[in-house]
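Asker: Here it is, the structure in full.
In our numbering, the protein residues as written are 12 to 515.
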């Protein structure tokens, strides 16, 4: 959905609304800002949206899902056949070369996947590969993947976060080497890295371009600018050609400046509050009580926030997944905004005067602060700890956190296993630790029949809602701000494909 660019919503200094001279088109360089520092460039060692965006540019998967038709296409593989419910044979593409000149073949697939599934290598993005038991070389251009169980979403994962490294290079430098000098087969090569802060990509003119297209723009220059105000200022002075995940208040500052486009588009990203129901952050944690978790659900005015703060194509959700994901059941117990009921539930739980609690967040600070205000209205004094994503993730994995405002884009995977499977299967990110839910979700992963999978997901999501393990908040839309000479069409998977961007 395109917002009409009308009068300025916010008065800006004349120097900022003068026509900037854009950094990019003259020297064929697209200048982009990331909203957070990318903790690691190896796609298996980060779970950030920025990591998925970089992976799509620099590496390739065996398959590719067309974001419009949802059809699976060959990428590094040209064909695939299920030999039995747990054995997938793939025919690999010949003539593909990695950025460092290594030829691509079965050795790269087998080495990469067997490395990532080995527990001793401590892969962070383990859910991407934890369904694979082993990879086996048949000949130079044929491999077999052996799964731990029948996994209906296998093709979705092979078209998503499962990318292939060059085996000789990866064996030599490992993930630490990839963090500073990544090598893939993708449409862009990384030519400069200032870890976490600045990346420069150059077009791969030798790209094989099967499912993905050859890149049109020669250079992508990426800086990490976490502060939204700083991003907007850099845009307005002409230092950036494109940003996304722009908060509505910042988008308003640019609305009406006729040298920019503002595009609001739906995404697969959900917002939610995770609560430490398992008591990992302390046995006296109030989140261990069902009525407290129910009260918190009733205390948050989700629709009001969507209507007045988030806006665009965003919508309230009731379940712990994105509505467009296979198996995402939305007809579950929901909690209407009702502060009086929230107060009554707190009293019944033994907290008639409320309590104090630590509240963690890593993005959308105004939204976090608005929810803290709503919690205060029912007697819960939430103390904000605002920190980088990597630090918050480490905190939650190590110690747990009483309450966390989080978002999750499911690595752009259109299957409920990519959300529920990450947060409710007894992993370090699971703050419910409900064995019944985990068992249902694991059975869903192992079940081939789509109807049976849907039923298992439905049962698991019903328990999550009944037990109020989550506060499902909203499905995000995102604001993209682009220089007027940039051509880009967003897709619901929120994957910014650099090779699809061009100059007008």
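Glycine is no exception: its CB is placed at the ideal position from the N, C-alpha and C atoms.
Run through DSSP, which three-state label would residue 109 get?
Answerer: coil
Asker: Given the structure, does residue 515 come close to the ligand ATP, in the sense that its CB is under 7 angstroms from one of the ligand's heavy atoms?
Answerer: This structure simply doesn't include the ligand ATP, nor any ligand for that matter.
Asker: Where does residue 243 fall in DSSP's three states?
Answerer: helix
Asker: Are the beta-carbon atoms belonging to residue 338 and residue 427 less than 8 angstroms from one another?
Answerer: yes
Asker: What are the residues that DSSP puts in a beta bridge with residue 276?
Answerer: Answer is 489.
Asker: So which of 178, 183 and 105 has the shortest CA-CA distance to residue 152?
Answerer: 105
Asker: Quickly, what does DSSP pair residue 76 with across the bridge? List them, please.
Answerer: 83
Asker: Under 8 angstroms, do residue 61 and residue 278 count as touching if we go by C-beta distance?
Answerer: no
Asker: Mind checking residue 32: buried by the 16 CB within 10 Å criterion, or exposed?
Answerer: Residue placement at residue 32 is poorly supported in this model, since its pLDDT is 46, which falls under 50; the coordinates still yield a value, given next. With fewer than 16 Cβ atoms within 10 Å of its Cβ, residue 32 is classed as exposed.
Asker: Starting from the C-beta of residue 115, find all residues in its chain whose C-beta is less than 7 angstroms away, skip the five residues before and the five after it, and write them out in chain order.
Answerer: Within the same chain, residue 115 has close Cβ partners 87, 107, 108, 109 and 196.
Asker: Expressed to the nearest angstrom, what Euclidean distance is found between the alpha-carbon atoms of residue 321 and residue 246?
Answerer: 21 angstroms
Asker: According to DSSP, is residue 235 part of a helix, a strand, or is it coil?
Answerer: Strand, per DSSP.
Asker: Work out the CA separation of residue 225 and residue 347 for me, nearest whole Å.
Answerer: If I take the Cα positions, the gap works out to 48 angstroms.
Asker: In angstroms with no decimal places, state the Cα-to-Cα distance between residue 237 and residue 121.
Answerer: 37 angstroms
Asker: According to DSSP, is residue 32 part of a helix, a strand, or is it coil?
Answerer: Bear in mind that the predicted position of residue 32 carries a pLDDT of just 46, short of 50, making it too unreliable to give a figure here.
Asker: Taking 8 angstroms as the threshold (C-beta atoms), are residue 317 and residue 327 in contact?
Answerer: Against a cut-off of 8 angstroms, the Cβ pair of residue 317 and residue 327 comes out as a contact.
Asker: Please state the DSSP three-state secondary structure of residue 309.
Answerer: helix
Asker: On a Cα-Cα basis, can you pick out the residue from 73, 40, 163 and 58 that is closest to residue 461?
Answerer: 163
Asker: So, with DSSP's three-state summary, where would you put residue 373?
Answerer: coil
Asker: Return the CA-CA distance between residue 99 and residue 464, expressed in angstroms with no decimal places.
Answerer: 20 angstroms
Asker: Taking a contact to mean a Cβ-Cβ separation below 8 angstroms, would you say residue 211 touches residue 507 in this structure?
Answerer: no
Asker: Could you tell me which of 313, 90, 243 and 126 sits nearest to residue 186, measuring between CA atoms?
Answerer: 126
Asker: Looking at the strands, I want to know which residues DSSP matches up with residue 157.
Answerer: 98 and 145
Asker: Do you know how far the Cα of residue 368 is from the Cα of residue 311?
Answerer: Each residue's Cα considered, the two are about 16 angstroms apart.
Asker: When DSSP labels each residue in this structure, what does residue 285 get in the three-state scheme?
Answerer: strand
Asker: Can you have a look at residue 306 and say buried or exposed, based on whether 16 or more other CB atoms are within 10 angstroms of its CB?
Answerer: buried
Asker: Can you tell me which residues form a DSSP beta bridge with residue 406?
Answerer: Answer by DSSP bridge pairing: none, since residue 406 is not bridged.
Asker: Whole angstroms is fine: what's the gap from residue 50's alpha carbon to residue 358's?
Answerer: 42 angstroms
Asker: In whole angstroms, what separates the C-alpha of residue 274 from that of residue 174?
Answerer: Pairing residue 274 with residue 174, the inter-Cα distance amounts to about 30 angstroms.
Asker: Taking residue 7 as the reference, which of 489, 481, 290 and 43 has the closest Cα?
Answerer: Residue 7 lies beyond the residue range present for the chain, which begins at 12 and ends at 515; the question has no answer from this structure.
Asker: Since residue 118 and residue 258 are thought to touch, with beta carbons under 8 angstroms apart, how far apart are those beta carbons, to the nearest angstrom?
Answerer: Taking 8 angstroms as the upper bound for CB-CB distance, residue 118 and residue 258 are not in contact here, some 46 angstroms apart.
Asker: In terms of DSSP beta bridges, what is residue 213 paired with?
Answerer: Answer is 200 and 230, bridged to residue 213.
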